[in-house]
Amino acid sequence: MRANAVKREPELQAFWDDSKIYETLSQENLGEVFVLHDGPPYANGSLHMGHALNKVLKDIINKYQLLRDRKVRYVPGWDCHGLPIELKVLQTIDRKERANLTPLELRKKAREFALETIKKQAKGFRRFGVWGDWEHPYMTLQPEYEAAQLDVFGQMVLKGYIYRGLKSVHWSPSSQTALAEAELEYPEGHTSPSIYVAFPMVNAAVAAQEALTPYLGHLGVAI
Numbered sequence: 162m163r164a165n166a167v168k169r170e171p172e173l174q175a176f177w178d179d180s181k182i183y184e185t186l187s188q189e190n191l192g193e194v195f196v197l198h199d200g201p202p203y204a205n206g207s208l209h210m211g212h213a214l215n216k217v218l219k220d221i222i223n224k225y226q227l228l229r230d231r232k233v234r235y236v237p238g239w240d241c242h243g244l245p246i247e248l249k250v251l252q253t254i255d256r257k258e259r260a261n262l263t264p265l266e267l268r269k270k271a272r273e274f275a276l277e278t279i280k281k282q283a284k285g286f287r288r289f290g291v292w293g294d295w296e297h298p299y300m301t302l303q304p305e306y307e308a309a310q311l312d313v314f315g316q317m318v319l320k321g322y323i324y325r326g327l328k329s330v331h332w333s334p335s336s337q338t339a340l341a342e343a344e345l346e347y348p349e350g351h352t353s354p355s356i357y358v359a360f361p362m363v364n365a366a367v368a369a370q371e372a373l374t375p376y377l378g379h380l381g382v383a384i
């Protein structure tokens, strides 16, 4: 390439880091604070094109706001809990060791795997040219993060927002856990046997009627 990007890009990024361009602009700009709350990626593997597209588009927004003289606050983070990370760990050990693995040992291995993955992903994001507070990321496995989550959950309980109910969920017999919609994998050509059936609504609670009327009009209610 005429621009010799393979050589020039690392030089430019080193200049950004050495000169603390992001830190200087985000602190000394005169405009209002602009915060980009970034949903964290899973710390469960190598970066792919989806990561690149997501982070580069958000980085464009942040740099645009910096050019508008605003104080940009972007703290990158990682989701370090959940089935994707556990499955990645289980794939790295043999069947015999897996059979003798206790839940506590699995969590320890998952933590180590997540921390190592975060280092690799952070290096990749910085190589993409993404600006942010990479020295102080948030990670959902941090005790202070978990404590903050428990505090928020406790407030929700006290305000009556948390309740126990029944709901059908996707279940994994092998992992013995519920699955999110995004975690479902179907063979090619799969056809779901589910059907939709309409039932006439006999009556509804007053609160439900008041809530649904403006939006549904004369429509029925989905079950």
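If you count by my numbering, then the sequence shown holds residues 162 to 384, one letter each, in order. Just so you know, even glycine gets a beta-carbon here, dropped at the ideal spot from N, CA and C. Just so it is clear, the structure is predicted and the values come from calculations on it, not from any experiment.
- By DSSP's assignment, T338 forms a beta bridge with S333.
- The alpha-carbon of Q316 is positioned some 44 Å away from that of A175.
- K280: member of the alpha helix (DSSP H) spanning 264 to 288, first to last residue.
- For R234, the pairing in a beta bridge is given by DSSP as V196.
- In its chain, beyond the 5 residues on either side, C241, L302 have a beta carbon closer than 8 Å to the beta carbon of R272.
- Note that the C-beta distance between P245 and Y306 is not below 8 Å.
- In this structure, the CA atom of D220 is about 46 Å from the CA atom of V358.
- The straight-line gap separating the alpha-carbon atoms of L340 and H331 is approximately 5 Å.
- Residues W292 of the same chain have their beta carbon placed closer than 6 Å to that of Y183, with the five preceding and five following residues left out of the count.
- Straight through space, the alpha carbons of P264 and G243 are spaced by roughly 13 Å.
- Taking the C-beta atoms as reference points, Q226 is found nearer than 8 Å to V233.
- Its chain contains Q282, G285 as the residues whose beta carbon lies nearer than 7 Å to that of L208, once the 5 sequence neighbours on both sides are disregarded; these appear in chain order.
- For F274, the closest alpha carbon among the candidates A369, N205, L197 is that of N205.
- Taking C-alpha positions only, N223 is separated from F195 by approximately 8 Å.
- Contact between V250 and K270 holds, since their C-beta atoms are separated by about 5 Å, short of 8 Å.
- By the C-beta density criterion, L228 is exposed, having fewer than 16 other C-beta atoms within 10 angstroms.
- If you ignore the 5 residues before and after S336, its C-beta comes within less than 7 Å of the C-beta of L244, all in its own chain and listed in chain order.
- Distance from the CA of A308 to the CA of V363, rounded to the nearest whole angstrom, comes to 46 Å.
- In the structure shown, Y357 adopts coil according to DSSP, grouped into three states.
- Setting aside the 5 residues that flank it on each side, S333 is surrounded in the same chain by L340, each with a C-beta closer than 7 Å to its C-beta; the list follows chain order.
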